[in-house]
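Written below as structure tokens is the structure these notes are about.
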Amino acid sequence: MQRIEDYTPFVGQPTVDDLRRLAERLRGKVVQHVNSTAVGGGVAEILNRMVPLLNDIGVDARWDLIKGGEQFFDVTKKFHNALQGREEEVTERDLEIFLDTSERNIREVDVHGDVMFIHDPQPIALVRRKNQNKWIWRCHIDVSNPVRKVWRFLREYMVKYDAAVFSAPGFSHKLPVRQFLIAPSIDPLSDKNRDLPPEIIDDVLTKYDIPKDKPIITQVSRFDRFKDPVGVIKAYTLVKRYIPCRLILAGGTADDDPEGLKVLEEVREHAGQDPDIHVLLLPQNDIEVNALQRASDVIVQKSLSEGFGLTVAEALWKGKAVVASNVGGIPLQITHKYSGLLCHSIEGAAFFIKQLLNSPDYALKLGQNGREHIKQNFLLTRHLRDYLLVFLSLFHRGDIVYL
Ligand code: UDP
């Protein structure tokens with residue numbers, strides 16, 4: 002069970018006291034999160050850690066899921082892709098499917114929060130249940146350049162909310178509701194991020210048949226085209242011409258992501274028979290992900306779009322040198338040549354991976370700076386504070402809140 006006191010060694014007593022004082026102001030209010038999956042992807046990752054901690058500091062926080070069938074999630078995946086800028090054919094039939102399932106959820110979800118905290122587009126229509134309570138739409142994806150048709154369709158719902166929260170400044174849009182920019186976070190105490198003894202790391206490598214004979218390059222991500230796993234294989238192939246190395250592409254699937262298995266197949270095809278490429282379809286297992294990240298010499302996140310990229314924060318927290326695309330929330334985490342390396346192409350990624358493999362001291366320094374940056378800016382306690390302040394601001398519009 003998470004306890005807020007356990008975070009004191011990372012963030013200090015004043016931060017913990019501050020959180021308790023803010024939570025006190027919300028006593029008696031229920032905060033209800035709603036999203037579409039309990040496992041897989043960044044939203045579930047955060048809610049699994051955030052909700053228990055909110056409760057520990059005295060905020061009555063709950064978490065519910067909407068229900069949807071395969072067709073619904075096919076449509077919402079199209080929305081997701083289109084919001085991240087990919088042209089998708091969204092038909093009238095797709096919109097009908099979205100509306101039908103939304104109607105069912107509007108009838109069936111037990112809406113009882115004083116604050117309704119709705120994550121991403123799948124449950125966005127629940128706002129039709131709005132009455133005296135406060136509604137927040139939390140967008141976790143990169144909406145810097147959305148396909149207009151889909152944005153306009155969803156915007157009809159966004160404008161009904163009391164507030165919208167985006168992860169990075171580049172994602173804000175003209176909306177007649179209050180907007181907050183709040184970056185996500187990682188939990189230093191979770192199985193995904195806590196320190197691990199070397200034996201556990203070795204056991205995981207053994208389990209997946211990964212020898213420690215060559216440097217390891219890793220990308221951990223759902224098998225999603227926006228994560229560009231095939232681009233990672235191409236970058237690795239360029240590196241391999243000069244430096245012997247292994248590549249781990251580790252990913253699971255998310256309940257609300259129907260494309261995963263198709264992308265995994267493409268990845269396997271591109272990997273071919275290369276014994277140094279390890280494509281792992283992981284069960285949801287945080288310790289294994291943690292171990293694979295820690296076993297790596299370089300972590301890659303070659304996304305084409307990215308809401309935030311928790312995997313980048315996770316790697317930096319582990320002191321790893323990271324090569325990641327300069328998209329979405331990634332540059333909030335990486336200052337180029339200070340806390341990691343930002344790339345814009347397959348060739349750029351390969352160039353930087355080579356540089357890091359050739360200069361372990363430089364890799365170490367970037368990793369150290371990265372860890373400090375995450376500690377200062379992207380731990381769960383900072384995130385919690387930001388959310389508490391948003392909740393309070395909804396109940397005290399225009400007031401000054403004294404802590
Ligand atoms: N993740 C995982 N297992 C996997 C793939 C991803 O546990 O096989 C985790 C990853 O460690 C991170 C989250 O899922 O915590 C992904 O969040 P991110 O923001 O990187 O991407 P998203 O999937 O939300 O687009």
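For the sequence shown, position 334 matches number 335 in our numbering, and the numbering has no gaps at all. Built from N, CA and C at the ideal position, the CB exists for glycine as well.
For residue i and residue j, what's the separation of their Cα atoms in angstroms?
i: G409; j: F396; result: An answer regarding residue 409 cannot be provided, because it is not within the stretch 2 to 404 covered by the chain.
i: V313; j: R129; result: 36 Å
i: F167; j: H141; result: 6 Å
i: Y8; j: A184; result: 19 Å
i: F181; j: A251; result: 33 Å
i: N286; j: S222; result: 13 Å
i: I218; j: L365; result: 15 Å
i: V160; j: A126; result: 11 Å
i: P216; j: E90; result: 42 Å
i: R28; j: R22; result: 10 Å
i: S304; j: V324; result: 11 Å
i: I347; j: N194; result: 28 Å
i: E307; j: K78; result: 15 Å
i: N36; j: P147; result: 21 Å
i: Y339; j: A322; result: 10 Å
i: A62; j: L385; result: 12 Å
i: N134; j: D121; result: 19 Å
i: P284; j: G41; result: 10 Å
i: D18; j: N49; result: 23 Å
i: L206; j: N291; result: 12 Å
i: A316; j: H271; result: 25 Å
i: H113; j: P170; result: 31 Å
i: E109; j: S186; result: 31 Å
Between which two residues does the beta strand (DSSP E) holding residue i run?
i: I137; result: 135–139
i: L176; result: Note, L176: premise wrong, no beta strand (DSSP E); not H, not E.
i: D61; result: 61–66
i: L343; result: 342–344
i: G252; result: 247–252
i: A255; result: Taken as a continuous stretch (DSSP letters only), A255 belongs to no beta strand (DSSP E), as it is neither H nor E.
i: A165; result: 164–167
i: L282; result: 278–282
i: V299; result: 299–302
i: A325; result: 322–326
i: V221; result: 217–221
Using 10 angstroms around the beta-carbon of residue i, count the other beta-carbons present and answer buried if the total reaches 16, otherwise exposed.
i: D163; result: buried
i: G232; result: buried
i: Y388; result: buried
i: I244; result: exposed
i: G13; result: exposed
i: E289; result: buried
i: N132; result: exposed
i: N106; result: buried
i: H345; result: exposed
i: N359; result: exposed
i: D257; result: buried
i: P10; result: exposed
i: K208; result: exposed
i: M51; result: buried
i: E6; result: exposed
For the candidate residues the options, whose alpha-carbon lies nearest to that of residue i?
i: P212; options: H279, R156, I234, Y158; result: H279
i: L293; options: D275, K303, K319; result: K319
i: E88; options: R179, R247, W152, M117; result: W152
i: E157; options: L100, F118, V52; result: L100
i: I249; options: G261, E6, K193, V299; result: V299
i: T16; options: Q377, L393, G261; result: Q377
i: D143; options: F154, R108, N82; result: N82
i: S296; options: L367, E71, I202, Q302; result: The sequence given here has Ala at residue 296, not Ser. Here the closest residue by C-alpha is I202.
i: E267; options: L20, P230, E71, D256; result: P230
i: K355; options: P199, T254, R247, V205; result: R247
i: D57; options: A24, H34, R372; result: A24
i: V301; options: D111, P276, N327, D277; result: N327
i: P177; options: S186, I187, A165; result: A165
i: T38; options: F118, G69, D225; result: G69
i: L84; options: D196, H174, T336; result: H174
i: D111; options: G253, W64, A351; result: W64
i: L381; options: L311, L393, G341, R398; result: L311
i: Q394; options: E6, V116, Q3; result: Here residue 394 is Ser; the residue named in the question, Gln, does not match the sequence. Of the candidates E6, V116, Q3, the one whose C-alpha sits nearest the C-alpha of S394 is V116.
i: H374; options: D362, P332, P361, F118; result: P332
Between which two residues does the alpha helix (DSSP H) containing residue i stretch?
i: N36; result: Note, N36: premise wrong, no alpha helix (DSSP H); beta strand (DSSP E) at 31–36.
i: A364; result: 361–378
i: F74; result: 71–84
i: I331; result: 331–334
i: M51; result: 42–57
i: H120; result: It is not in any alpha helix (DSSP H) - H120 instead sits in the beta strand (DSSP E) that spans 116–120.
i: V240; result: 230–241
i: P199; result: 199–208
i: P15; result: 14–25
i: I288; result: 287–296
Got a sec: does the ligand GDP put a non-hydrogen atom nearer than 6 Å to the Cβ of residue i?
i: E46; result: Within the structure as shown, the ligand GDP is missing, the only ligands being the ligand UDP.
Kindly indicate if chain D contains any beta-carbon less than 7 Å away from that of residue i.
i: R87; result: Absent here is chain D; the protein component of the structure consists of one chain.
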